[in-house]
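Residue numbers (the numbering used here): 107 to 384.
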């Protein structure tokens, strides 16, 4: 079984939900025509990714625009990772809504690792990583800065994720591509990332978890890397039968972890040189 992810590399219009919705609806149709199982959008695409932002700029998760996307997903039989600022308790959240091929919302994930050192200090962080069953495939979501922390993908793997999808909107991608390739390798999960294009940005990508072939020889796990300024669709095909066989036999993921030595990971104390004033 091939799981095809349609990755849209395009800039959203900041603060123009109406225009961004048109783009999303057209993108769902295009992805369907290319037999994609799911459409992956860059970060906060429906609202646009802009600052400062308040709850007044954010959407309710049951708003008419999101309902319209759900209907389009059902009409074209293509799932969507729909991204938006959504209303939080006091501040907006940076969220990804996973919609299946029948137009059902499977889960809403809000970015855990908000960039509190920068503009995202005005956001409310999510509190957990989530996995959902997308037509028999276990999907996890990380959003942008989440991918800088190996714990994000690790928790998703431990919760059963086979594929991790990453909405993104940032630049300086070289170390971040390397990190995503590593996340795929160490967790034996497929990973696809959609980023907005621009100078030193773009480079939407996908990585397979498979780093050795059937003969035990090392292979490049890169499925695709777009150009910095390219605009349009890129398609990542994940061979789920091959991935599942690999995950059943190789030694990464949750195979030989020594969790008794990991207690310090739950220590929340921050010591020099990592103390930051915000």
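Just so you know, even glycine gets a beta-carbon here, dropped at the ideal spot from N, CA and C.
Cβ-based neighbour list, residue i, same chain, cut-off 7 Å, excluding 5 preceding and 5 following
i, result
"residue 209", "176, 177, 179 and 180"
"residue 283", "309, 311 and 331"
"residue 345", "108"
"residue 264", "360"
"residue 329", "312, 313, 314 and 342"
"residue 156", "120 and 121"
DSSP three-state assignment for residue i, whether helix, strand or coil
i, result
"residue 161", "helix"
"residue 124", "helix"
"residue 385", "In the structure displayed, the chain extends from 107 to 384; residue 385 sits before or after that span and is not available."
"residue 135", "helix"
"residue 110", "strand"
"residue 341", "strand"
"residue 271", "strand"
"residue 277", "coil"
"residue 367", "helix"
"residue 144", "strand"
"residue 307", "coil"
Same chain only: Cβ atoms within 6 Å of residue i, ignoring 5 sequence neighbours per side
i, result
"residue 246", "237, 262, 267 and 270"
"residue 381", "none"
"residue 137", "112, 145 and 184"
Range of the contiguous alpha helix (DSSP H) that encloses residue i
i, result
"residue 229", "It is not in any alpha helix (DSSP H) - residue 229 carries neither H nor E in the DSSP assignment."
"residue 382", "Where residue 382 is concerned, there is no enclosing alpha helix (DSSP H), given that its DSSP letter is neither H nor E."
"residue 287", "280 to 293"
"residue 298", "No alpha helix (DSSP H) holds residue 298; the beta strand (DSSP E) holding it covers 296 to 300."
"residue 265", "Residue 265 -> no alpha helix (DSSP H), and no H or E assigned at all."
"residue 349", "346 to 355"
8 Å CB neighbourhood of residue i in its chain, flanking five on each side removed
i, result
"residue 241", "143, 185, 206 and 207"
"residue 319", "325"
"residue 135", "178 and 182"
"residue 195", "230"
"residue 139", "none"
"residue 327", "287, 290, 291, 313, 314, 315, 316 and 317"
"residue 253", "259, 272, 274, 282, 285, 286, 289 and 299"
"residue 126", "118, 119, 151, 152, 153 and 154"
Assumed close pair residue i, residue j - CB separation to whole angstroms, cut-off 8 Å
i, j, result
"residue 230", "residue 198", "7 Å"
"residue 258", "residue 219", "7 Å"
Endpoints, beta strand (DSSP E) assigned at residue i
i, result
"residue 328", "328 to 331"
"residue 239", "237 to 240"
"residue 246", "243 to 247"
CB contact check: residue i to chain C, cutoff 8 Å
i, result
"residue 183", "Checking the listed chains, one finds no chain C in this structure; it contains a single protein chain."
- Pick out the complete beta strand (DSSP E) segments inside the region 153 to 230, 3 residues or longer, and give them in chain order. Here the runs fully enclosed are 185 to 192, 199 to 205 and 211 to 216.
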